[in-house]
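**Student:** Heads up: the sequence shown is residues 1 to 244, going by the numbering used here. Every residue, glycine too, gets a C-beta built ideally from N, C-alpha and C. Keep in mind that this is a model prediction, so the values were computed, not measured. Mind looking over this structure? Questions follow.
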Amino acid sequence: MGVTASGTSDGHLELPRSALADTVLERLTATYTAAADPRRAGEMRAYMKDIAPFLGLTTPDRRVLSRTVLDGTPRPDEADCTAVALGCWRLPEREYQYFAVDYLRRHVRRLSSGFLPVARHLVSTVPWWDTVDALAAHVVGGLVAADPKLKADMDRWIEDDDLWVARTALLHQLRYKDATDTERLFAYCVRQSGHPDFFIRKAIGWCLREYAKTDPQAVRDFVAGERDRLSPLSVREALKNVGP
Numbered sequence: 001m002g003v004t005a006s007g008t009s010d011g012h013l014e015l016p017r018s019a020l021a022d023t024v025l026e027r028l029t030a031t032y033t034a035a036a037d038p039r040r041a042g043e044m045r046a047y048m049k050d051i052a053p054f055l056g057l058t059t060p061d062r063r064v065l066s067r068t069v070l071d072g073t074p075r076p077d078e079a080d081c082t083a084v085a086l087g088c089w090r091l092p093e094r095e096y097q098y099f100a101v102d103y104l105r106r107h108v109r110r111l112s113s114g115f116l117p118v119a120r121h122l123v124s125t126v127p128w129w130d131t132v133d134a135l136a137a138h139v140v141g142g143l144v145a146a147d148p149k150l151k152a153d154m155d156r157w158i159e160d161d162d163l164w165v166a167r168t169a170l171l172h173q174l175r176y177k178d179a180t181d182t183e184r185l186f187a188y189c190v191r192q193s194g195h196p197d198f199f200i201r202k203a204i205g206w207c208l209r210e211y212a213k214t215d216p217q218a219v220r221d222f223v224a225g226e227r228d229r230l231s232p233l234s235v236r237e238a239l240k241n242v243g244p
């Protein structure tokens with residue numbers, strides 16, 4: 001199990017030392033800032049409900065720039081990944097967090113179960129669907145798949161008062177297909193079925209809809225049995241591609 005970041009008394013995570021992260025962050029800020037588009041930045045900020053300021057980089061342009069930033073850099077270890085991610089999360093513009101999410105997705109197999117507290121910090125800091133959903137499906141999901149003992153952590157996350165942490169627990173199996181723990185999936189949906197927030201209700205429908213691609217009858221049967229508990233939004237999303 002890797003040691004990724006140390007905590008402080010206020011719950012703030014300290015960046016581990018990483019020469020690679022220093023290089024990446026220096027290149028990143030210089031490259032992204034030079035390509036900023038203030039007009040588009042305002043539009044993007046408004047579209048994303050003012051969750052954070054933006055530089056105004058489109059996703060295709062940003063990923064081209066990211067390849068330039070990473071050109072010639074070595075493969076990171078877990079401490080490098082942690083330092084890059086936390087460093088990006090401390091920068092104000094949202095595109096830096098997108099870079100971090102892409103970086104973690106690319107290197108998730110280099111992360112140990114010890115990265116989970118860092119992932120939780122990322123999920124719960126400046127949270128919105130644009131970062132949380134990718135972290136849930138591709139980072140947290142990857143960590144749990146590699147270390148099933150982390151299922152116990154997901155059992156705690158689904159009970160969390162932070163809706164983004166709970167949403168992550170719902171969505172962490174989104175890419176598991178045949179490897180889905182259906183008992184846990186359905187139990188999580190029932191546990192949060194009465195949640196009033198749109199983002200939880202939508203996540204319930206989404207994870208069920210995704211699993212329906214693997215076992216449509218199981219999802220139909222579950223929805224039929226729990227229809228009185230599930231919100232209309234969750235039901236509609238769950239059955240979108242398989243019918244009642």
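Going by CA-CA distance only, name the one from Pro117, Asp77 and Val132 that's closest to Val108.
**Tutor:** Asp77
**Student:** Applying the criterion that 16 or more other CB atoms from any shown protein chain within 10 Å of the CB defines a buried residue, is Gly256 buried or exposed?
**Tutor:** Summary: the structure shown does not reach residue 256, with the chain confined to residues 1 through 244, and so no result is reported for it.
**Student:** How many whole angstroms separate the CB atoms of Leu55 and Ala41, which I take to be in contact at a CB cut-off of 8 angstroms?
**Tutor:** 6 angstroms
**Student:** Ignoring anything shorter than 4 residues, give me the alpha helix (DSSP H) runs that lie fully in the stretch 71-112, in order along the chain.
**Tutor:** Within the stretch 71-112, the runs of alpha helix (DSSP H) at least 4 residues long that lie entirely inside it are, in chain order, 78-89 and 94-106.
**Student:** Tell me the residue span of the alpha helix (DSSP H) that contains His121.
**Tutor:** Judged by DSSP secondary structure, His121 falls within the alpha helix (DSSP H) whose first and last residues are Leu116 to Ser124.
**Student:** Does DSSP put Gly243 in a helix, in a strand, or in coil?
**Tutor:** coil
**Student:** Please list, in chain order, all residues of the same chain as Pro92 whose beta carbon is under 7 angstroms from its beta carbon, the five residues on each side excluded.
**Tutor:** Ala52 and Pro53
**Student:** Does Ala136 pass the burial test, meaning 16 or more other C-beta atoms within 10 Å, or should it be called exposed?
**Tutor:** buried
**Student:** Comparing C-alpha positions only, which one of Thr68, Leu111 and Arg201 sits nearest to Ser231?
**Tutor:** Arg201
**Student:** Which whole-angstrom value is the C-beta distance of Lys240 and Arg209, which I expect to be below 8 angstroms?
**Tutor:** 6 angstroms
**Student:** Can you give me the C-alpha to C-alpha distance between Val219 and Glu237, rounded to a whole angstrom?
**Tutor:** In this structure, the alpha-carbon of Val219 lies about 11 angstroms from that of Glu237.
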